[in-house]
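Numbering (my numbering), first residue to last: 409 to 609. Just so it is clear, CB atoms sit at the ideal spot from N, CA and C, and this is done for glycine as well.
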Amino acid sequence: MKKIIFIALVTLISNVTFSQKNKTVTKKPAATSTAKGVLAKADNLVAEVKSGTFQLTINENGKPKDAITIKNVDAKFAPTNTKLTAFKANGAALYLLTFTENNILKTDLKTEDMTTVTSIIYEIPTKKQVFSNTQMTNHIVEKVFLDKLKNASETQERMRREGFEFTLNPDGSITQKNKTQENKWIYDVAKMEYVDAKKKK
């Protein structure tokens, strides 16, 4: 009986190990911040992870009063370069939250090193998200076979970009850029949202 149980355990472990060899997704370790506890502060706001939630905690007299949920996360969530910045746009007090996520996707033939930069602007009294931008850069290294019999191969590298580069301007306006397009946004206080600068004129 002991031999049967031992063989069964060895078989199970072998199957799990084999299934994990084909494709793995790993999170790069955080370079400047940890996923547990406080990640950034500004005035009475704290960007932090609590009970599986990445959130903005709103403090009053040094104690948590309310919170804005940014997103639900797992134990592997490890953002870097997390920053909270207070600024004004057309007289309105706003806060910019920025953070970076790094992921590596590996197979036998390809490695993808993905960096995602997220920028979110909040109007705190109403807990409203008034703007959001995500930019992803993917550095791909791939082994490519040059013949049908796979006798010869070469390593190819390429960079893939998605989304817009985000810039918060000194006057509180926003500029988004990529290779083919540039957008400018200004804050509409009445609507409590950013609107296309061209349509606002």
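Legend entry - 7 Å Cβ shell around D555 - same chain, five flanking residues per side excluded: Hits under 7 Å: none found.
Legend entry - Range covered by the beta strand (DSSP E) that runs through D600: The displayed chain sequence assigns Met, not Asp, to residue 600. Judged by DSSP secondary structure, M600 falls outside any beta strand (DSSP E); it is assigned neither H nor E.
Legend entry - C-alpha distance - T477 paired with E468, whole-angstrom precision: Using only the alpha carbons, I get a separation of about 18 Å.
Inset, instruction - Return helix, strand or coil for T588, following the three-state DSSP convention. - result: Three-state result, T588: coil.
Legend entry - the stretch 565-573 in contact with the stretch 480-491 per 3-pair CB rule at 8 Å: Between the stretch 565-573 and the stretch 480-491, the count of C-beta pairs closer than 8 Å stays below three; the two stretches do not touch.
Inset, instruction - Quick one: grab the DSSP three-state call for K607. - result: Reduced to three states, the DSSP call for K607 is helix.
Inset, instruction - Consult DSSP for P472 and reduce its assignment to one of helix, strand or coil. - result: If DSSP states are grouped into helix, strand and coil, P472 belongs with the strands.
Legend entry - Length of the line joining the Cα atoms of L504 and Q589: Each residue's alpha carbon lies about 23 Å from the other.
Inset, instruction - Could you please give the first and the last residue of the uninterrupted beta strand (DSSP E) stretch that includes A501? - result: For A501, the enclosing beta strand (DSSP E) stretches over residues A500 to T515.
Inset, instruction - Give a yes or no on contact between the stretch 526-535 and the stretch 492-511, applying the rule of three or more CB pairs nearer than 8 Å. - result: The stretch 526-535 vs the stretch 492-511: in contact.
Legend entry - Rounded separation between K491 and S459 - CA only: If you take the alpha carbons of K491 and S459, they lie about 21 Å apart.
Legend entry - F574 - partner residues in DSSP beta bridges: The bridge partners DSSP lists for F574 are Q584.
Inset, instruction - Use the C-beta contact count for E456: other C-beta atoms within 10 angstroms, 16 or more gives buried, fewer gives exposed. - result: It counts as buried.
Legend entry - Bridge partner(s) assigned by DSSP for K449: V454.
Inset, instruction - Express the C-alpha separation of G445 and G585 in angstroms, rounding to a whole number. - result: The sequence shown places Lys at residue 585, rather than the Gly named in the question. The straight-line gap from Cα to Cα measures roughly 33 Å.
Inset, instruction - Go ahead and label L464 buried or exposed: buried means 16 or more other beta carbons lie within 10 angstroms of its beta carbon, across all protein chains shown. - result: In this structure L464 is buried. Its beta-carbon is surrounded by 16 or more other beta-carbon atoms within 10 angstroms.
Legend entry - Sequence-distant residues of the same chain with beta carbon closer than 7 Å to D451, five excluded per side: Once the five neighbours on either side are set aside, the close Cβ partners of D451 are A494.
Inset, instruction - May I have the straight-line CA-CA distance separating A448 from T506, to the nearest angstrom? - result: Looking at the two C-alpha atoms, the distance is approximately 10 Å.
Legend entry - Alpha carbon of L517 to alpha carbon of K551, nearest angstrom: Linking L517 to K551 through their CA atoms gives a straight-line distance of about 5 Å.
Legend entry - Residue nearest to D521 in terms of C-alpha spacing, selected from N591, A500, V549 and V538: The shortest C-alpha separation from D521 is found at V549.
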